[in-house]
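According to the numbering used here, the sequence shown is numbered sequentially starting from 705.
The beta-carbon is built from N, C-alpha and C at its ideal position, and this holds for glycine as well.
Beneath this line is the structure, given in structure tokens, with notes to follow.
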Amino acid sequence: MTAYDFRYKKQFAGLNFFGKAYVSAERKVAQLVNSNWVYSMHWPKEINQEWVNAVNADINREMEIARNRLSDLELAKKLVDGLEL
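Next up, the structure:
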């Protein structure tokens with residue numbers, strides 16, 4: 705997919721200001737990673753390698769948070785399952 709298609713043409717089910725709608729691949733990624741990043745001033749405006757690197761850094765951060773949360777939930781389940789009533 706070209707950068708132009710990613711930003712303007714390719715559409716996915718998602719959310720916009722008016723509720724459910726079709727959104728660009730760029731907006732869909734923003735929703736999946738962190739809904740605020742797309743509006744941040746530190747993000748490159750053009751979709752290029754710098755943009756991809758920034759998105760990948762956010763994706764990796766979010767995946768680490770998810771892994772930690774899953775680990776916490778597994779520990780909580782283990783503790784609850786170990787209750788002797």
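- prompt: With 16 as the cutoff for other CB atoms within 10 Å, does residue 770 come out buried or exposed?
  reply: Indexing the sequence shown from 1 puts residue 770 at position 66. Residue 770 is exposed by the Cβ-count criterion.
- prompt: With DSSP run on the structure shown, which of helix, strand or coil describes residue 720?
  reply: Within the sequence shown, the letter at position 16 stands for residue 720. Strand at residue 720.
- prompt: Exposed or buried, residue 734, counting other C-beta atoms within 10 Å across all chains shown (16 or more means buried)?
  reply: As a working mapping, residue 734 is identified with position 30 in the sequence shown. It is buried - the Cβ of residue 734 has at least 16 other Cβ atoms within 10 Å.
field: Closest by C-alpha distance to residue 715, when choosing among 732, 788 and 738
entry: As a working note, residue 715 is residue 11 in the sequence shown. Of the candidates 732, 788 and 738, the one whose C-alpha sits nearest the C-alpha of residue 715 is 732.
query: Got a sec? Which residues, its chain only, sit under 8 Å from residue 711 by beta carbon, not counting five neighbours each side?
result: On the sequence shown, residue 711 is found 7 positions in, with the first residue counted as 1. Excluding residues within five positions, the ones whose Cβ falls inside 8 Å are 728, 729, 730 and 751.
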